[in-house]
Amino acid sequence: MEAFSTDEANENKQKYDLHDRVCKLKAFDESKAGVKGLVDAGITKVPSIFVERPENLRSALASGDSCFRVPIIDLEDIAKDPSRHQEVVNEVRSASKTWGFFQVVKHGIPTAVLEEMLDGVRRFHELDAGEKRCFYSRDFTRGIAYHSNFNLYRTEAANWRDTLFCIMAPNAPVAEDLPAVCHDIMLEFSKQVMNLGITLFELRSEALGLKQNHLKDMDCAEGLVLLSQYYPKCPQPELTLGASKHADSDFFTVLLQDHVGGLQVLHQNQWIDVSPVPGALVVNIGDLLQLVSNDIFKSAEHRVLANNVGPRVSVACFFYTAASPSPRLYGPIKELISEGDPPKYRETTIMEYVSRYSARGDETSALQMFKL
Ligand code: OGA
Ligand code: NI
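For what it's worth, our numbering labels the leading residue of the sequence shown as 15, then goes sequentially.
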């Protein structure tokens, strides 16, 4: 009998490996218990479906003893003191252009609300698997969906993270539809984040030299989606990531993180820690704001390291209408365009942007696909 050629043998092995991986992904997904379920079952090794390529791991691009620090902006008194307001507009402009990331302090949301929100998310993820199961879904049009890795079947390596996805605006869910262990605080926290989001859209509009209401009048503040993340303690944190390198596909994200740390932003080709600051919120620009600002503001890539001290809890508040099919078109803002500064992107709907972004195997910016 004729032996297989090496090529054929390799091809067969690849097919077998792929089939094996899909079976493992399915088994994990069907457990409906997420990464937390694996940890509770006592695993001591990271399963192969979570193992990242070496070049993506924490060791690959060392952060070194960089002197870079993510800017911290103090929002106190901006409504009362016009000169302070102008300073903050300048700080927002500079941070949005160079980093795409900053932290805000004295932002008006009481620390007790932030802490209770983190506790509520922790309570949800630490429910018995049987109690969380009824929320498990990959159907994001439902408005509430608990799952692990929204793109589980598309990426090369799954992340060490579980998520509770909730659409809070334009149509807020009723308390009874949300998990009982956190419904009150989710509704309260979202209301406060929406108010802060509107202030941030105003500051951003001014930072672009536009009228204060410009971005809000474009309906940028219509939609709010909360991703309540849980990054369980990992037995081999050097083999996987909590979140792979990605850009957010929204206008911007307000992120509440606990004290554990692990979030990093890629700045001048170095991974810089976005260190937890008590009472602060992280703000980062997403692809849609980069698009409408015609590249004046940058959507920065970021990731989350896996840790062995966790669990780590965070809440990423995405400003966009991800799941409602609004026909509204977004393109570079006319006032920012001139003969010398022609539009860099074609117009698109939020739905189109998000579906083209999510259809790929990675979560880096999809803006290239919309370049003129
Ligand atoms: C995200 C994200 C960071 C974090 O959800 O897009 O980047 O710290 N989260 O959880
Ligand atoms: Ni993100």
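Cβ coordinates follow ideal geometry from the N, Cα and C atoms, glycine included.
Alpha carbon to alpha carbon, how far is residue 222 from residue 284?
To locate residue 222, count along the sequence shown from 1; it is residue 208. To locate residue 284, count along the sequence shown from 1; it is residue 270. Residue 222 and residue 284 have their C-alpha atoms roughly 27 Å apart.
What three-state label does DSSP hand residue 334 in the structure shown?
Your numbering for residue 334 matches position 320 in the sequence shown. Residue 334 falls in the coil class under three-state DSSP.
Of the residues 371, 373, 386 and 335, which one's Cα is nearest the Cα of residue 2?
The question about residue 2 has no answer, for the chain in this structure spans 15 to 386.
Does the stretch 257 to 277 come close enough to the stretch 323 to 339 that 3 or more CB-CB pairs lie under 8 Å?
Contact check between the stretch 323 to 339 and the stretch 257 to 277: three or more CB pairs, one atom from each, fall below 8 Å, which counts as touching.
Can you give the beta carbon distance from residue 377 to residue 258, rounded, assuming they're within the 8 Å contact cut?
In the sequence shown, the residue the question calls residue 377 occupies position 363. In the sequence shown, the residue the question calls residue 258 occupies position 244. By a beta-carbon distance limit of 8 Å, residue 377 contacts residue 258. Their separation comes to about 7 Å.
Residue 58 burial status per 10 Å Cβ neighbour count (16 or more: buried)
In the sequence shown, the residue the question calls residue 58 occupies position 44. Result: exposed.
Under 6 Å Cβ to Cβ from residue 66, same chain only, skipping five residues before and after it: list those, please.
Along the sequence shown, one-based indexing puts residue 66 at 52. These residues qualify, in order along the chain: 171, 254 and 255.
Under a three-way DSSP split, which group does residue 182 fall into?
For the purposes of this step, residue 182 is taken as the residue at position 168 of the sequence shown. In the structure shown, residue 182 sits in a strand (DSSP, three-state: E or B).
Is any non-hydrogen atom of the ligand ATP found closer than 8 Å to the C-beta of residue 330, if you look at the structure I gave you?
The ligand content of the structure shown is limited to the ligand OGA and the ligand NI, which means the ligand ATP is not among them.
Test item: CB-CB of residue 226 and residue 329 under 9 Å
Here residue 226 refers to the residue found at position 212 when the sequence shown is read from its first residue. Here residue 329 refers to the residue found at position 315 when the sequence shown is read from its first residue. No; because the gap between Cβ atoms is not below 9 Å, this pair is not in contact.
Under the criterion of a Cβ to heavy atom distance below 8 Å, does residue 297 qualify as lining the ligand OGA?
Your numbering for residue 297 matches position 283 in the sequence shown. For the ligand OGA, not one heavy atom lies less than 8 Å from the Cβ of residue 297.
At a cut-off of 8 Å, would you count residue 281 as near the ligand NI, judging by its Cβ distance to the nearest heavy atom?
Numbered from 1 along the sequence shown, position 267 holds the residue referred to as residue 281. No heavy atom of the ligand NI is found nearer than 8 Å to the CB of residue 281.
Evaluate the contact criterion for the stretch 178 to 194 versus the stretch 342 to 361: three or more CB pairs, one atom per stretch, below 8 Å.
Verdict: no, contact absent.
8 Å CB neighbourhood of residue 297 in its chain, flanking five on each side removed:
For the purposes of this step, residue 297 is identified with residue 283 of the sequence shown, where counting begins at 1. Close CB contacts of residue 297 within its chain, under the 8 Å cut and outside five residues either way in sequence, are with 115, 116, 117, 118, 214, 266, 267, 268 and 269 (chain order).
Residue 22 in three-state terms, based on DSSP:
Counting from 1 along the sequence shown, the entry for residue 22 is found at position 8. Residue state, collapsed to three classes: helix.
Cβ of residue 262 within 8 Å of any heavy atom in the ligand NI?
Here the question's residue 262 lines up with position 248 in the sequence shown. Between the ligand NI and the CB of residue 262, the shortest heavy atom gap is smaller than 8 Å.
Start-to-end residues for the beta strand (DSSP E) that takes in residue 317:
By one-based count along the sequence shown, residue 317 stands at place 303. It spans 316 to 319 - the beta strand (DSSP E) in which residue 317 sits, taken as one unbroken run.
Through-space distance from residue 90 to residue 71, alpha-carbon basis
In the sequence shown, residue 71 corresponds to position 57, counting from 1. In the sequence shown, residue 90 corresponds to position 76, counting from 1. Going by the C-alpha atoms only, they are around 38 Å apart.
CB contact check: residue 300 to chain B, cutoff 9 Å:
Although the question refers to chain B, the structure presented lacks it and comprises just one protein chain.
Using only CA atoms, which one of 289, 248, 149 and 35 lies nearest to residue 166?
Your numbering for residue 166 matches position 152 in the sequence shown. Nearest C-alpha to residue 166: 35.
To which residues does DSSP link residue 271 through a beta bridge?
One-based indexing of the sequence shown puts residue 271 at position 257. In the DSSP secondary-structure assignment, residue 271 is bridged to 328.
Is residue 257 near the ligand NI, with its Cβ less than 8 Å from a heavy atom?
Position 243 of the sequence shown, counting from 1, holds the residue named residue 257. Yes; taking the cut-off as 8 Å, the Cβ of residue 257 has a heavy atom of the ligand NI nearer than that.
Determine the burial state of residue 271: buried for a count of at least 16 other Cβ atoms within 10 Å of its Cβ, exposed for fewer.
In the sequence shown, counting from the first residue as 1, residue 271 sits at position 257. Buried is the call here.
Any 3 or more C-beta pairs closer than 8 Å across the stretch 355 to 374 and the stretch 278 to 294:
Too few Cβ pairs lie closer than 8 Å, so no.
Taking the C-alpha atoms as reference points, what is the distance between residue 169 and residue 347?
Translated into positions along the sequence shown, residue 169 becomes position 155. Translated into positions along the sequence shown, residue 347 becomes position 333. The C-alpha of residue 347 is placed about 33 Å away from the C-alpha of residue 169.
Neighbourhood of residue 85 by C-beta distance below 6 Å, restricted to the same chain and skipping five residues each side
In the sequence shown, the residue the question calls residue 85 occupies position 71. Within the same chain, and ignoring the five residues on either side of residue 85 in sequence, the residues whose Cβ sits closer than 6 Å to its Cβ are 109 and 116.
How is the beta strand (DSSP E) around residue 256 delimited, first residue to last?
The residue given as residue 256 occupies position 242 in the sequence shown. Secondary structure note for residue 256: its beta strand (DSSP E) is the uninterrupted segment 255 to 260.
Give the straight-line distance between the Cα atoms of residue 53 and residue 324, rounded to the nearest whole angstrom.
If you number the sequence shown from 1, residue 53 lands on position 39. If you number the sequence shown from 1, residue 324 lands on position 310. Each residue's CA atom was taken as its position, placing residue 53 and residue 324 some 11 Å apart.
Apart from the five residues on each side of it in sequence, which residues of its chain come closer than 7 Å, Cβ to Cβ, to residue 234?
Translated into positions along the sequence shown, residue 234 becomes position 220. Same-chain partners within the cutoff: 215, 265 and 333.
Cβ neighbour criterion (16 or more within 10 Å) applied to residue 31
What you label residue 31 is simply residue 17 of the sequence shown in a count that begins at 1. Under this definition residue 31 is an exposed residue.
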